[in-house]
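Here's the structure, in structure tokens; my notes come after.
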Amino acid sequence: MNTSHWALVTGGSAGIGFAIARELLRREYRVILVSRSEERLQEARRRLLSETGRGEECIALRAADLTQAEAPAELLRWISEMGYAVEVLVNNAGMYFFRDAVALPVEDVERIVSLNVRSVAMMCRLFGEQMAARGHGYILNLSSYSVYMRLPGWSLYSGSKAFVRNFSITFGREMRSRGVVVTTAAPAGVATELMGLPPKVFSLAKKTGFLMRPESCARRVMKALFKGREYIIPGWYNRLWIPLLSCIGRRTAVWFHRKTARWQQ
Ligand SMILES: NC(=O)c1ccc[n+]([C@@H]2O[C@H](COP(=O)([O-])OP(=O)(O)OC[C@H]3O[C@@H](n4cnc5c(N)ncnc54)[C@H](OP(=O)(O)O)[C@@H]3O)[C@@H](O)[C@H]2O)c1
12 MNTSHWALVT GGSAGIGFAI ARELLRREYR VILVSRSEER LQEARRRLLS ETGRGEECIA
72 LRAADLTQAE APAELLRWIS EMGYAVEVLV NNAGMYFFRD AVALPVEDVE RIVSLNVRSV
132 AMMCRLFGEQ MAARGHGYIL NLSSYSVYMR LPGWSLYSGS KAFVRNFSIT FGREMRSRGV
192 VVTTAAPAGV ATELMGLPPK VFSLAKKTGF LMRPESCARR VMKALFKGRE YIIPGWYNRL
252 WIPLLSCIGR RTAVWFHRKT ARWQQ
């Protein structure tokens, strides 16, 4: 833990990213929050200051759209100009669709690949280089449990997260000898806005524990990162299902898709 160093959290204004930012502030890091909406960033900063009791100087904000090809390099440039040294990078911003790939507008296909795939690779490449030069750093990449479920409607989402998983684990093995820890997290359902569930389904899923609380997810992934773990699926019970999920065939997957498609807004 280093009080003079910074942690950068993409998608830090909401959901899991917000909860991770709060964990990092509690661990005495200063935090840079990155997401598109300036207004949501300001609101997140207000909440984080009041919930953690840290000073204003501990949170910096940067509005950036990470679907834009030049965004990671611009972010790096701005951070160098500000004189921040990023010790912890959290590639959390992500986009989700529950729709067959051929039914999605082409622009949405480009956006999900740009955000979930390209921006993660570029952020790791650019910030990883600086960490390697310092011989120290931590990177957390958010994959997803959906990589274990080959559900129709998820080809782009789980495909992009499978890239994150394989890229991140292998990248971590390249970086370990350079003093940089890379942890890949694959949460199952977490109670955030990501999936756009209807309010009734969302609240039922939260009450029954089907969706994990973002705070609980953040606590578990942060612990894994600082312990130097390579891969984490938050929640032991989620790990139990994996052998069963790998046995699910096409027909069952198509049936499940038909049954659950109406829950998506
Ligand atoms: N929730 C789950 O069940 C779940 C499960 C497994 C994995 N994950 C992964 O965990 C990560 C976080 O998910 P979440 O559920 O916390 O999502 P969320 O609640 O929808 O929050 C997404 C965050 O990313 C920001 N963001 C979205 N598009 C962006 C862009 N183009 N450029 C920069 N920032 C952007 C959003 O702010 P703005 O809208 O202001 O940009 C927001 O701060 C994602 O990678 C997701 O795939 C989530």
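If you're matching positions, the sequence shown starts at 12 in the numbering used here and goes up one per residue.
Positions of the beta carbon are idealized from the N, C-alpha and C atoms, including for glycine.
What does the alpha-carbon distance come out to for the pair residue i and residue j?
i	j	result
V120	G170	12 Å
V175	A144	23 Å
R184	V20	22 Å
G139	W266	42 Å
W17	G23	14 Å
G26	P245	15 Å
L87	V128	18 Å
L208	F108	11 Å
G28	R37	14 Å
L60	R262	50 Å
F237	Y149	8 Å
A173	V42	28 Å
A196	L151	7 Å
H268	E81	36 Å
D111	R273	14 Å
E50	L256	40 Å
G66	R58	12 Å
T14	G64	Its pLDDT being 46, under 50, T14 is placed unreliably by the model, and the measurement read from it follows with that caveat. C-alpha separation (whole angstroms): 15 Å.
Kindly indicate which residue of the options has the alpha-carbon position closest to the one of residue i.
i	options	result
C258	S155, M160 and A173	M160
S155	G148, Y149, N177 and L86	N177
Y168	R73, L115, G64 and P210	L115
L72	R250, M106 and Q53	Q53
D76	G105, K218, F29 and I150	G105
Y242	L153, L44 and L255	L153
C69	I180, E39 and M142	E39
G146	S214, A96 and H268	A96
P83	R65, D111, V45 and T63	V45
W252	A272, P198 and T219	P198
A32	E92, A55 and E49	A55
Where does residue i land, buried or exposed, given buried means 16+ other C-beta within 10 angstroms?
i	result
M12	Its pLDDT being 43, under 50, M12 is placed unreliably by the model, and the measurement read from it follows with that caveat. Burial call: exposed.
A235	buried
Y248	exposed
W165	buried
E34	buried
S130	buried
V158	buried
M206	buried
M93	exposed
Spatial neighbours of residue i within its chain, please: CB distance less than 7 Å, with the 5 preceding and 5 following residues excluded, ordered by chain position.
i	result
V124	S171
R240	T194
F221	G200
I180	T195, E241 and Y242
G260	none
K211	none
R250	I244
Just to confirm my understanding: we take residue i, look at its own chain, exclude 5 residues before and 5 after, and list those with CB closer than 6 Å. What are they?
i	result
K270	none
T78	R122, S125 and L126
M142	G148 and V191
Let me see if you follow: with CB-CB separation under 8 Å, is residue i close to chain C or not?
i	result
G23	Judged by its chain identifiers, the structure shown contains no chain C, having just a single protein chain.
Please work out which residues of its chain come closer than 8 Å, Cβ to Cβ, to residue i, disregarding the five sequence neighbours upstream and downstream, and give them in chain order.
i	result
P225	G26, I27, F29, A30, V201, A202 and T203
Closer than 7 Å: is that where the CB of residue i sits relative to any heavy atom of ligand 2?
i	result
P83	This structure lacks ligand 2; its bound ligands are ligand 1.
Pairs of beta-carbons, one from the region 92 to 107 and one from the region 117 to 137, closer than 8 Å: are there three or more?
yes
Touch test, the region 180 to 191 against the region 224 to 231, Cβ-Cβ under 8 Å, three pairs minimum:
no
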